[in-house]
Every structure is written in structure tokens, then in C-alpha cells.
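Engineer: Protein chains in written order, with my numbering: chain H, 711 to 994; chain C, 528 to 830.
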């Protein structure tokens, strides 16, 4: 091994140079050229041999940096990748990594800003793909995040049975932590299932984890939408039923069907029962 | 005196094996008939709030010992140690109570950004002092010695003043850390840089080696690439034989990260390591060598 000399670069200098070169999207030689340096500039730093020169050795790391992250993101965003095609997805991730250099120690977080990057690319970059791509990315990312979000014991229907009317109405309602309500401008169901273009049509999606599997469904019922919004804050069952009632009382007279409080209560209860059945409500 | 217990033979825990492994462990009529003695988790994959990974980890931990292996400590980086990361690592360790915690001799971050890779260090006194000071900090924070793993590398620095094994030995001496000897990484780096793999084994202090990794790699023609997507090759098995001859029985683990085969295939490789270790140690004992500690069989019953 050669001995250290006074000219030996500092650890900081080595890491600064190598980080820049290994993460440059163009590869090591063009990145050196951009610094006004030739390939020989690395020869004093990295020991090459007849099999591989210094640049080629560093290029191994440059390739691994990009392709490891590309693989992770392709796995996390399979529908975005399919919608764009392999080449365009590759280019997207190249630009993404330049704009949003990974800063979190876990690879799990490397895709966290991709939906935002698609929605609002930095100045000078064009928006990639169809207009619904950012929403699709947000949905895929939400699935990823909820997969290992905080656990909560779901509320069992049995816990509601036998409650007095008063206990029932004052029962606190908490959604489980592993849920998210997304409001989109496009109906993503078709593209999620693997085909076609989504219609431009506002859609509220409820995404949640039940057991170990993340699900989502469109919330097509205005009453359920309103109850969900209310349930995002601390609420009781009575609060939710009240939201339900208010929704109907606010409807224009011409559209409002004759009010039947018993029917409204039954409908509210059906929604709550579905939430319980879906494991969407947390127990005490 | 052995500093780290011989846990026996284990595998790296990967998602496709979660359920089959749990089922196999529960189906084993006795601890000695378990498919593996212990598992190693990638720490970062379990630094999450809940869901299946944490549930599986709790269930596995109730059955067998678990070791935590990190990839993001970045102990050689000139960036400050990541406080969020250390906090998460310490919290996970408190919950898992691992047999030990390991990470790599590398840097993987600069300027607040991370490369999610294991970048090699120059083996200089400056780097040694820097890494040693950070190992001290981490060990104090985690209240236990770390095991530091040698990485596969594709470049060496012209200004390195030490060999990798001299660097690691000095790190052990200065910090009291242990070594996670990745035999495949020794094999890959020896090929890529033209040094003798045996010199590496001979150059590290025997009692510092607390764990061994075995894995597969790919021949790219100009170099070997550490891919963990193949079975362990014959050359690495031979080097493992030499490692057992030098270090005795050491907790040994099969790593597979890509093209992950069914659990049975990974367990079969782990069993091969167990048989090979037993064979080497038995031969050494028969030849009147020093007393065997922690054989494969002893490891199984110690669980």
C-alpha cells in the first residue's frame, strides 16, 4: 500500500468529490468534464488496474446509486411506471433525484416526494405524463405509507351491542391511524385496475389498512363523505349522526326528499356498521 | 474468550419468508429441529410504526433470537451522525432486545443527503480516527458493542496507508467493537483488488469476529459484483471453511436479497454451513487442536 503523503486529500474532500460524481445523472466521466477535469483526474485518487480504470470503478457505484433507487420506486409506483413506460419513468426518476436528493436514512422514504414532484415540478421542468399521474402516484404512495402505519385495535361490533342509548350517542369515534381520505379530480379506479384513462370526475377515496392489507374504495355517498370529514376530528357517534342529519336539512327543498328521521338514523347506522366491518374504527 | 455467543446458523429475514418461517418454527417439534437458530433483520425495514413487518418481528422474536443489521449508520461519513436515525435504532433495540447490532464500515451520506449504498473509505489514519470516534458514540448510545462489517468494494484509494484488515483490527483495538466478517465480501474485494483473501482472515483478531455473513455474487467479467441474488459459490464456501478453521464456531448467516428463492433453499444453504462448520471443527478437534467452542450443534441447543 502506498504511504500517506502530505498531499493526501482529506476525508471531507474525498467524500464531497465522490458524492458529486457518483450521484451525477450523466455518469462519472461527463460529471468530471463538467468540472473541467479529465478522466485522469481520478487516477491519483483511485487505484485502477488493467481490468478497470478509476472512472470505470467509480461508475459501478454511480450505476448502483441510480438503479437501486429506480428499482425501489418502480416497485412502489408500478402503475405510474406502467402509465409512463420504462424509458419515461427512468427519465422521471433521473429528474426527481436531481430535484429531491434522498435525505432520509430509509429507502422507504425515497418516494415520498414523487407525487408532489409530479404535481408541481420545479421551475424549468415540464410536467410529465397525463394530468392524472400525480394523483395516481399519491394513491400508490398512500398504499405504501399505510402498509406499515401505526396499529390500532379495531372496534368490534360486539362493543356497540348492548349499549344504552346514552352510552351509544356519547361513544367516542376514532378512525384508525392507518387510514387516509384522498380527494382527486380524476376517477382512478379504471387506471388502478390496469386499463385506460380515468375520467375527469371528482372522487373521494378512502384508503385504509385492514389487517395486513391496504384497501381503497370510492366514497360515493355524500353523507358518508361528510361523516368521514367529521370523524377526522374527535367526535362521538352523536356528532356523526348530527352531521348526517344536517346534510339533509341543508339540501335544497326541491332536491330534499321528505325527511324521515328513522330512515336517516338507519342509514347513518349502516354507514357506521360498514366502517366497523371494514375495521376502520379504532376501539377504546 | 469469545465475546459474542455462537447463536448457531441463521438467515436474513426477508418478506417472502415471513409466513413460511413462522409456520416452520411453530411446526418444529423441538428447538433443535427448527429450520434456523436465529434471524437477522435489516434494522431500517422495521423502523416503522406498525403493520405486518412489526407484527411478524414480534412473533419471531418470541420464537428465536434476532440480530439487528443496519445499512444506514454511515459511520464513516463526515456528516454528523443522524440523531433521528440513532433514536430510531435505539428504540427498535429496546423493543427487540437483539443479540447484537451491526452495520458497515462505509460512508453512505454527504451534505445531508444519502446514497443508500455502502461506499468505501480510504484506509488512512484520519479515517480511522474519525470512524473510531463515531463508533464510540454509537456504542455509548446503544449501550452495547457494535459489530462492524467489511463491505464489498470496487475501488481502493491510492492514498490508503493501511490494508482493510489492518484498519478493522485497529478499529477493534481502539473501540472494543466486534467484527461481522462477510466472507463473500472478502472474496469479492480480494478478486476486485487482487489481494489474498486468506491474508484478510489472518489479519483480523480472531476473538473479535462475532458473526459471519455468506452470500452470492455475480461475475461481471471485469469485476465481481456483490448482488446477493445467487447461491453461495464454491469459492466462498472454501473461504468459509478457512474462516471456521481460523475463528472457530461463529454465528453464521445466509443473506439473500434478490431473486429470493423459497425458504427451503435458503435453509438448505444454512444447513450446508452448519455441516461444514461441524466438519472443520471436528477435524480440528481430532487433530488435537484447541478446544472447540460453540459448534453448530452447541449453537442449536443454546437457543
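For each residue, glycine too, the CB sits at the ideal point set by N, CA and C.
Buried or exposed for residue 880 of chain H, please, with buried defined as at least 16 other CB atoms from any protein chain shown within 10 angstroms of its CB.
Structural biologist: Label assigned to residue 880 of chain H: exposed.
Engineer: Over what stretch of residues does the beta strand (DSSP E) that includes residue 595 of chain C continue unbroken?
Structural biologist: Note, residue 595 of chain C: beta strand (DSSP E), 593-596.
Engineer: Find the nearest neighbour of residue 658 of chain C within the set C:607, C:554, C:730, C:733, judged by alpha-carbon distance.
Structural biologist: The shortest C-alpha separation from residue 658 of chain C is found at C:607.
Engineer: So that I know if they touch, is there some Cβ in chain H lying closer than 8 Å to that of residue 723 of chain C?
Structural biologist: No, residue 723 of chain C lies away from the interface with chain H (no Cβ there is under 8 Å from its Cβ).
Engineer: Using alpha carbons as the reference points, say which of C:642, C:770, C:767, C:626 lies closest to residue 533 of chain C.
Structural biologist: Nearest of C:642, C:770, C:767, C:626 to residue 533 of chain C, Cα basis: C:626.
Engineer: When the cut-off is 8 Å and only beta carbons count, does residue 697 of chain C lie next to chain H?
Structural biologist: Chain H contact via Cβ: absent.
Engineer: Residue 758 of chain C to residue 891 of chain H, Cα distance in whole Å?
Structural biologist: Near 44 Å, if we compare the C-alpha coordinates of residue 891 of chain H and residue 758 of chain C.
Engineer: Please state whether DSSP places residue 682 of chain C in a helix, a strand or coil.
Structural biologist: Residue 682 of chain C falls in the coil class under three-state DSSP.
Engineer: Give me the subset of the region 854-867 of chain H whose CB atoms are less than 7 Å from a CB atom of chain C, sorted by chain position.
Structural biologist: Flagged, chain order: 857, 858, 859, 860, 861.
Engineer: Contact check, residue 1005 of chain H vs residue 973 of chain H under 8 Å by CB: the rounded distance?
Structural biologist: A question about residue 1005 of chain H goes unanswered here, because the residues of chain H that appear run from 711 up to 994.
Engineer: For residue 990 of chain H and residue 840 of chain H, what's the separation of their Cα atoms in angstroms?
Structural biologist: Their backbone Cα atoms lie some 32 Å apart in a straight line.
Engineer: Does the region 861-875 of chain H come within contact of the region 802-816 of chain H, defined as at least 3 CB pairs closer than 8 Å?
Structural biologist: Cβ pair count under 8 Å is below three, so no.
Engineer: Is residue 649 of chain C close to chain H, meaning its C-beta is less than 8 Å from at least one C-beta of that chain?
Structural biologist: Judged by the 8 Å Cβ criterion, residue 649 of chain C is in contact with chain H.
Engineer: Measuring CA to CA, which of H:729, H:735, H:759, H:750 is closest to residue 831 of chain C?
Structural biologist: Since the first residue of chain C shown is 528 and the last is 830, residue 831 of chain C is not available in this structure.
Engineer: Near residue 786 of chain H, what residues of its chain come up, given a Cβ to Cβ distance below 6 Å and the 5 sequence neighbours on each side ignored?
Structural biologist: Within the same chain, residue 786 of chain H has close Cβ partners 821, 854.
Engineer: Considering only residues of the same chain and omitting the five flanking positions on each side of residue 692 of chain C, which have a CB-CB separation below 6 Å?
Structural biologist: Counting only Cβ-Cβ distances below 6 Å, and skipping sequence neighbours, we find 727, 730, 731.
Engineer: Mind the definition here: the region 937-950 of chain H touches the region 594-606 of chain C only if three or more C-beta pairs lie below 8 Å; say whether that holds.
Structural biologist: With the cut-off at 8 Å, the region 937-950 of chain H and the region 594-606 of chain C do not touch.
Engineer: For residue 860 of chain H and residue 543 of chain C, what's the separation of their Cα atoms in angstroms?
Structural biologist: One C-alpha to the other measures close to 22 Å.
Engineer: Report the option in H:850, H:920, H:872 whose CA atom is closest to the CA atom of residue 898 of chain H.
Structural biologist: Nearest C-alpha to residue 898 of chain H: H:850.
Engineer: So, using beta-carbon positions, are residue 648 of chain C and residue 674 of chain C closer together than 8 Å?
Structural biologist: Not a contact, by the Cβ cut-off of 8 Å.
Engineer: Once DSSP output is grouped into helix, strand and coil, what is the label at residue 951 of chain H?
Structural biologist: In this structure, residue 951 of chain H counts as helix in the three-state DSSP scheme.
Engineer: At a Cβ cut of 8 Å, what residues of the region 790-809 of chain C count as close to chain H, listed as they run along the chain?
Structural biologist: Result list empty, no residue passes.
Engineer: When you compare the CB positions of residue 988 of chain H and residue 920 of chain H, do they come within less than 8 Å of one another, or not?
Structural biologist: Against a cut-off of 8 Å, the Cβ pair of residue 920 of chain H and residue 988 of chain H comes out as a contact.
Engineer: Taking C-beta to C-beta, are residue 752 of chain C and residue 744 of chain C nearer than 8 Å?
Structural biologist: Cβ atoms of residue 752 of chain C and residue 744 of chain C: closer than 8 Å.
Engineer: Which residues in chain C have a C-beta closer than 9 Å to the C-beta of residue 943 of chain H? List them in chain order.
Structural biologist: None at all; the shortest Cβ gap to chain C is about 21 Å.
Engineer: With distances taken from CA atoms, which of C:537, C:555, C:553, C:577 is nearest residue 567 of chain C?
Structural biologist: Of C:537, C:555, C:553, C:577, the residue nearest in Cα terms is C:537.
Engineer: Tell me the DSSP secondary structure of residue 636 of chain C in three-state form.
Structural biologist: The answer is strand: DSSP assigns residue 636 of chain C an E or B state.
Engineer: If we cut at 8 Å on Cβ distances, does residue 770 of chain H have a partner in chain C?
Structural biologist: It does: the Cβ of residue 770 of chain H has a partner Cβ on chain C nearer than 8 Å.
Engineer: To the nearest angstrom, report how far apart residue 996 of chain H and residue 862 of chain H are at their CA atoms.
Structural biologist: Nothing about residue 996 of chain H can be reported from this structure: the residues present for chain H run from 711 to 994 only.
Engineer: Going along the chain, which unbroken runs of the alpha helix (DSSP H) with 4 or more residues stay wholly within the region 723-756 of chain C?
Structural biologist: 724-730, all fully within the region 723-756 of chain C.
Engineer: Please identify, using Cβ separations under 9 Å, the residues of the region 806-827 of chain H that lie next to chain C, in order along the chain.
Structural biologist: Result list: 811, 812, 813, 814, 815, 816, 817, 818, 820.
Engineer: Between the region 576-585 of chain C and the region 636-646 of chain C, can you find at least three pairs of beta-carbon atoms closer than 8 Å?
Structural biologist: Result no; under three Cβ-Cβ pairs closer than 8 Å.
Engineer: Just to confirm my understanding: we take residue 882 of chain H, look at its own chain, exclude 5 residues before and 5 after, and list those with CB closer than 8 Å. What are they?
Structural biologist: For residue 882 of chain H, where only same-chain residues beyond five positions count, the Cβ hits under 8 Å are 944, 945, 946, 994.
Engineer: Count the other CB atoms, across all protein chains shown, that sit within 10 Å of the CB of residue 808 of chain C; report buried if there are 16 or more and exposed otherwise.
Structural biologist: Label assigned to residue 808 of chain C: buried.
Engineer: In its own chain, which residues sit with a C-beta less than 8 Å from the C-beta of residue 604 of chain C, not counting the 5 before and 5 after it?
Structural biologist: Hits under 8 Å: 634, 635, 636, 637.
Engineer: When Cβ atoms are compared, which residues of the region 731-751 of chain H fall closer than 7 Å to chain C?
Structural biologist: Those residues of the region 731-751 of chain H that come within reach of chain C (Cβ to Cβ, closer than 7 Å) are 732, 733.
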